[in-house]
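In our numbering, the protein residues as written are 5 to 313.
Each residue gets a CB set at the ideal place from its N, CA and C atoms; glycine is no exception.
These figures come from a predicted structure and were not determined experimentally.
This report concerns only the one structure given below.
What follows is the structure, encoded as C-alpha cells:
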C-alpha cells in the first residue's frame, strides 16, 4: 500500500522506496519552511523526586478549565430540580442534626443558635467530602483518555477538587440567610473566610491525590472511602464544639486538619472566641504535609496508570 499523498506506482520496490524517500524529503522541507512555530514534544526523565512538571501543568491549563466545566455540567445534566440539590442536601442534614444533637442530645453550641452553629461547619465539611469522593474516582472514570493520550494527570484530581466549589458558593447563600434570621451580624473577621476556604480546598486536593492514585491500582479504596469519610465526620467538630474535647487531648485532636478549617469558619462567621492556636498550627502543618506527600506519591504512581487501568 502507498502512503497517503503518494501516487501509486507499478515499479519495483526500489522505485517505491525512492518515492517514499522523496515524500519524506518534501515533508521535511515543508516542516523546515514552517519554522520554529511547529511545536515539538520532548519526553524526558524526571530529574528528582520533587519534579512536579509545573510547566506542563500551566501549559495545559485550558484542559483544566474544560475538565472543571465538564464536571459541573455533567452533575446537573438531565436532573429534575437542577441546582436545587445544592440547597436540599445541607438543609436535610441540618434538620437531622438539629433534631438529634441539638434537640435530643442537647449538645452545647458555645451560646450560638444550634442550626447556625452546625451549618457553619456542615458546609465546609460537605464541600470537603464531595471533593474527596469525586476525586477518588477521577483517574478510574477517565481511564480511556489516561491510557491513550498524554496530558498532566494532575489536572484530573485538581478539576474534581475545584468543581464542588460551585456547590459550596451556592450553599453559602443559604448560610448567610440563616445568620440573618438568627440575628448574627457579620464582622471584619469575614474577610478571613477565603483563607479557610483555600485550606479546605488544599486539604481535599491532598487527600484526593492519595486516593485517586491508590484507587487506580486497588479498587478497594473506592469502596472504603465513603465509610472512612463517615467516621472522619464524627471525628470533626461539626455537631459538637471543640470545647467538649478534654484539654489534654487537644493536641491529638488538632492532627485532624479539618478541625482548624471548621474552627476558622466559626470564628469568621459567628464572631466568637478565636480558635485554639495550638490546634490551628497543628492543622496547618498536617495540611501541608498531606499536600506535599500527595503530590510526590501521585507523581510516582502516575507512570503506572496506563498499565493498571
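- If you draw a straight line from the Cα of residue 140 to the Cα of residue 210, it is about 11 Å long.
- Shown here, residue 260 sits in coil according to DSSP, grouped into three states, outside any helix or strand.
- For residue 145, the enclosing alpha helix (DSSP H) has its first and last residue at 142-145.
- Within the stretch 64-152, the complete alpha helix (DSSP H) runs of at least 4 residues fall at 65-80, 88-101, 118-140, 142-145 and 147-150.
- When C-alpha distances from residue 117 are compared across 155, 186 and 207, the shortest belongs to 186.
- Around the beta-carbon of residue 251, fewer than 16 other beta-carbon atoms lie within 10 Å, marking it exposed.
- The beta carbon of residue 239 is closer than 7 Å to those of 260 in its chain, skipping five residues each way along the sequence.
- When the Cα atoms are used, residue 198 and residue 103 turn out to be separated by approximately 30 Å.
- Distance from the Cα of residue 107 is smallest, within the candidate group 96, 114, 119 and 115, for 119.
- Going by beta carbons, residue 144 and residue 220 fall inside the 8 Å limit.
- The continuous alpha helix (DSSP H) containing residue 303 extends over residues 281-306.
- Taking each of 216, 62 and 267 in turn and checking the Cα distance to residue 308, the smallest one comes out for 216.
- Between the stretch 64-77 and the stretch 149-168, the count of C-beta pairs closer than 8 Å reaches three or more; the two stretches touch.
- Take the alpha-carbon of residue 113 and the one of residue 188: they are about 14 Å apart.
- Rounded to the nearest whole angstrom, the CA to CA distance from residue 196 to residue 312 is 43 Å.
- For residue 155, the three-state secondary structure derived from DSSP is coil.
- For residue 300 and residue 157, the gap between their C-alpha atoms comes out near 13 Å.
- For residue 175, the number of other beta carbons within 10 angstroms of its own is at least 16, and it is reported as buried.
- Of all alpha-carbon atoms in 297, 90, 274 and 77, the one lying nearest the alpha-carbon of residue 178 is that of 90.
- Bounds of any alpha helix (DSSP H) do not take in residue 275, whose DSSP letter is neither H nor E.
- Closest in alpha carbon position to residue 292, among 207, 234, 225 and 226, is 207.
- Cα atoms of residue 129 and residue 262: separation of roughly 8 Å, rounded to the nearest angstrom.
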